[in-house]
Amino acid sequence: MDTFLQVLIAGVTMGCIYAFVALGFTLTIAAAGVVNFSYSEWVTYGGFFGVTLYSIVGLPLWAALIGTVILCVIMGYVFQWVVFRPLEGRHFLTIVTATIGISVSMGALATLVWGPYPLTLPTFFGNGTVEFGGISFFPHNVLIIVLAIALISVLQFCLTKTDIGLRLQATAQDPDAARLMGIPVRRMRTFAYCLSAGLAGLSGFLVAPLFVVTTTMGFGLMLKGLAATIVGGWGSLKGAVFGGLIIGIVEALGAAYISSEYKDVIAFLIIIVVLLFRPRGLFPERIAEKL
Amino acid sequence: MRILSKSVIAAALAMSFAQVAFADDIKLGMVIGTTGPFAGGEAPLVNGTKMAVEDINAKGGIKGNKIQLIIEDTGSEQTGAINAYNRILDQEPSAIMNTTVSGFVLSQMGTIGDEGIPTLTGAASAQLALDKKGVEPLFRVRTSDLYVAKAAARFAIDNLGGKKIAVLRANSEFGNSWLNQIQSVLTDKSVKPVAVESFEVADRDFTPQILRIKDAGADVVIVSGDPPHFVVAVQQLKQLGLTSKVIFSNAGVLPTTIKLYQGDSANGIYGTVDSVPAIDPARADWAKRYREKFNIDSDYSAAEYYDGVMMVAAAIAKVGTDHEALVKEMRTIKDYAGIGNTYSYADKGDGGRSVAIVQIGDGKLTLAATIK
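Residue numbers (numbering that gives the first Met the number 0), protein chains in the order written: chain A, 0 to 290; chain B, 0 to 371.
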């Protein structure tokens with residue numbers, strides 16, 4: 000039983016990390032209909048900004064976290080001006096290709112700026128572990144789970160129950176109709192990009208102590224985030240969360256009780272089964288029909 | 000008179016061309032990952048190569064000809080490695096210092112064989128040996144995994160007294176090669192591994208694998224992977240209370256990896272290396288110069304690429320830059336004692352043979368054993 004719980008908690012932690020990434024990735028799909036493949040680099044830059052602010056600038060860890068999120072929000076704002084705005088109205092594949100190109104360029108730029116060697120950040124709680132009921136925890140992992148639950152709840156509430164959230168959804172589903180209803184579509188999209196980039200910064204900073212900051216840190220995470228988005232439902236925030244959790248938990252349990260050799264195979268088989276019965280994911284959204 | 004003057008002009012032109020050729024730089028190509036996931040692991044190779052080129056040029060070059068280093072980036076991708084090798088060929092180099100990623104070198108093998116340019120690599124896969132998939136112009140400046148992984152297994156049993164050995168390895172060509180070599184030693188010693196676990200290269204959580212190893216009661220765990228994997232492994236081995244002795248493959252004890260371990264969490268962990276120039280008194284001067292130049296401790300891979308350039312330079316000094324003559328000359332090298340290893344290419348020699356086991360203690364390495 001202890002082993003099962005230990006593995007389950009590890010799966011939930013990884014699931015929350017995937018959900019974090021999937022959430023930010025989904026936000027731009029949900030709000031602007033843009034599949035942003037440079038999101039992996041946004042996460043990576045979150046890690047690098049954190050290391051720079053903490054290790055080079057010398058800020059305390061909490062201030063480095065806030066600084067990282069602010070820098071990433073600025074990055075998202077710049078991106079929507081320089082990249083997304085000129086691409087508005089273009090074909091889906093044009094935007095995907097452009098974001099992949101930007102992703103490659105950002106990776107090379109990161110090597111030039113931060114060098115080729117891996118970097119890391121300390122956690123808020125040192126590297127000690129906590130024992131509870133025969134289960135061993137890293138306090139940092141608990142922080143990730145708590146933050147994920149809090150953030151997902153707030154986001155879900157804001158997007159479904161508040162005026163700005165409903166405006167965002169209206170913008171995503173039909174920008175022309177939203178514009179006719181007096182919704183400032185462009186401002187809504189800018190807000191979505193900034194929020195998505197802020198989430199990327201937070202994800203990059205939080206996973207840095209666990210993943211090690213390298214130029215490819217975000218890529219593997221985005222692949223899992225993308226898988227979570229597909230399982231959960233293209234453009235669905237709720238789906239992104241559940242998709243992330245399903246993949247994280249299935250991977251961990253599969254590795255522990257079947258074989259570590261085939262854990263990815265097991266996870267992707269589950270995805271195929273889900274898509275066979277629910278081709279648009281667990282929580283389908285109208286936005287998916289438009290992409 | 001006109002015939003005479005034409006002859007004089009022709010002779011003068013010939014002499015000037017000869018002089019130009021003599022004063023030309025000797026081009027040394029380098030195909031390496033300066034961007035992408037392998038850039039960190041391959042940076043010491045660039046450092047070692049640059050240091051050797053600077054040392055040779057500072058002494059006047061090779062018979063007055065300076066070495067010009069030309070670097071092409073693989074982007075840490077297989078197709079990128081093939082393209083980078085082809086781009087270097089266009090520059091007509093005398094020799095090429097190649098990537099250390101075994102899979103990339105295997106994919107370049109046809110071109111290396113066809114072009115016949117001496118190509119030196121730090122790739123460790125046993126498949127690159129001349130009696131396997133290797134070709135005449137390919138020279139390994141490294142100890143083959145055939146010896147390193149086996150040394151780890153022998154150290155686990157003979158020195159640490161391990162009876163229940165577990166293996167945790169990356170699901171890659173490198174990880175599989177390690178597993179095969181470890182299993183061959185265990186079979187020879189009639190030991191069956193109690194657990195064989197794997198992880199994907201992108202994985203950053205090994206909780207299920209470590210718990211299975213713990214449940215199997217392993218007394219020694221051998222881990223092979225890349226730097227980020229070792230950082231995760233160090234954290235989670237401690238978190239999950241694994242009391243076994245642990246041996247990491249080379250990347251786990253690189254100076255740049257050791258800096259990433261939190262506090263004293265990696266203390267006591269062993270690792271395999273070809274050599275440890277940073278703590279070898281005989282290499283102290285070289286290691287000091289390296290540290291001053293690159294602001295980081297040297298490792299065996301930097302030293303081995305340094306040695307590679309020195310061996311190529313010695314061969315050029317002897318036979319010139321003709322590729323065929325160079326390959327032939329390098330195939331006569333026997334027991335060349337360099338900074339990072341001792342190399343032999345004569346009689347189908349496969350490069351270095353030295354393997355050492357080091358132990359981590361408060362962010363520093365100490366020599367635990369030299370495996371013969």
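The beta-carbon is built from N, C-alpha and C at its ideal position, and this holds for glycine as well.
- Under a criterion of Cβ atoms nearer than 7 angstroms, no residue of chain B is adjacent to Val184(A); the nearest Cβ is some 37 angstroms distant.
- Taking the CA atoms as reference points, Thr99(B) sits about 23 angstroms from Glu323(B).
- Pairing Ile143(A) with Ile16(A) gives a Cβ-Cβ distance under 8 angstroms.
- For Thr186(B), the closest C-alpha among the options Ile278(B), Gly267(B) and Ile156(B) is that of Ile156(B).
- When DSSP states are grouped into helix, strand and coil, Thr118(B) belongs to the strand group.
- Distance from the CA of Leu44(B) to the CA of Trp113(A), rounded to the nearest whole angstrom, comes to 18 angstroms.
- Judged by DSSP secondary structure, Thr271(B) falls outside any alpha helix (DSSP H) and instead within the beta strand (DSSP E) spanning Tyr269 to Val272.
- When Cβ-Cβ separations below 8 angstroms define contact, Glu40(A) makes no contact with chain B.
- Every beta strand (DSSP E) stretch that sits fully inside the segment 75–147 of chain B and reaches 3 residues is listed by chain position as 94–96, 118–120 and 137–139.
- Tyr146(B) counts as buried, since at least 16 other C-beta atoms from the protein chains shown sit within 10 angstroms of its C-beta.
- The Cβ neighbour count for Gln126(B), taken over all protein chains shown within 10 Å, is at least 16; the residue is labelled buried.
- By the rule that beta-carbons nearer than 8 angstroms mark a contact, Gln5(A) touches chain B.
- At a cut-off of 8 angstroms, the C-beta of Asn35(A) has no neighbouring C-beta in chain B.
- Per DSSP, Tyr305(B) is not a residue of any beta strand (DSSP E); the alpha helix (DSSP H) it occupies stretches across Tyr299 to Val318.
- Look at the segment 191–210 of chain A: the residues with a C-beta under 7 angstroms from a C-beta of chain B are Leu209 and Phe210.
- Of all C-beta pairs linking the segment 31–51 of chain B to the segment 199–215 of chain A, three or more are shorter than 8 angstroms, placing the two stretches in contact.
- Inter-residue distance for Thr78(B) and Gly32(B) is about 12 angstroms (C-alpha atoms, whole angstroms).
- For Lys363(B), the enclosing beta strand (DSSP E) begins and ends at Lys363 to Ile370.
- Considered as a whole, the segment 231–273 of chain B harbours 244–247 and 269–272 as its complete beta strand (DSSP E) runs of no fewer than 3 residues, in chain order.
- Contacts between Leu241(B) and chain A, judged by CB atoms closer than 7 angstroms, are missing: the closest CB pair is about 11 angstroms apart.
- In terms of Cα proximity to Thr228(A), the closest of Tyr256(A), Gly280(A), Val206(A) and Leu111(A) is Gly280(A).
- Residue pairing by DSSP places Glu71(B) opposite Val30(B) in a beta bridge.
- By the Cβ-count criterion, Val222(B) is buried, with 16 or more other Cβ atoms from all chains shown falling within 10 Å of its own Cβ.
- Listed in chain order, the beta strand (DSSP E) runs fully inside the segment 130–206 of chain A are 134–136, counting runs of at least 3 residues.
- Judged by beta-carbon spacing, Val273(A) lies beyond the 8 angstroms limit of Cys193(A), meaning their Cβ atoms are not closer than that value.
- Under the three-state reduction of DSSP output, Ile16(A) falls in the helix class.
- Listed by position along chain A, the residues whose Cβ is nearer than 8 angstroms to that of Pro36(B) are Thr213, Thr214 and Thr215.
- If you draw a 10 Å sphere on the C-beta of Arg288(B), you find fewer than 16 other C-beta atoms in it, and that means exposed.
- At a C-beta separation below 7 angstroms, Gly219(A) has these neighbours in chain B: Ala201.
- Using a Cβ-Cβ cut-off of 9 angstroms, Ala42(B) is close to Gly114, Pro115 and Tyr116 of chain A, given in chain order.
- Counted as a single uninterrupted DSSP element, the stretch harbouring Ala194(B) is not any alpha helix (DSSP H) but the beta strand (DSSP E) occupying residues Ala194 to Phe198.
- Taking a beta-carbon distance threshold of 8 angstroms, Arg290(B) does not count as an interface residue toward chain A.
- Short of 8 angstroms from the beta carbon of Ser353(B), and not among the five residues preceding or following it, lie these beta carbons of its own chain, in chain order: Thr142, Asp273, Ser274, Asn340, Thr341 and Thr369.
- For Ile332(B), the secondary structure class from DSSP, reduced to helix, strand or coil, is coil.
- Against chain B, the CB of Gly106(A) has a partner CB under 8 angstroms away; the residue lies at that interface.
- Residues Phe136 and Pro138 of the same chain have their beta carbon placed closer than 7 angstroms to that of Val129(A), with the five preceding and five following residues left out of the count.
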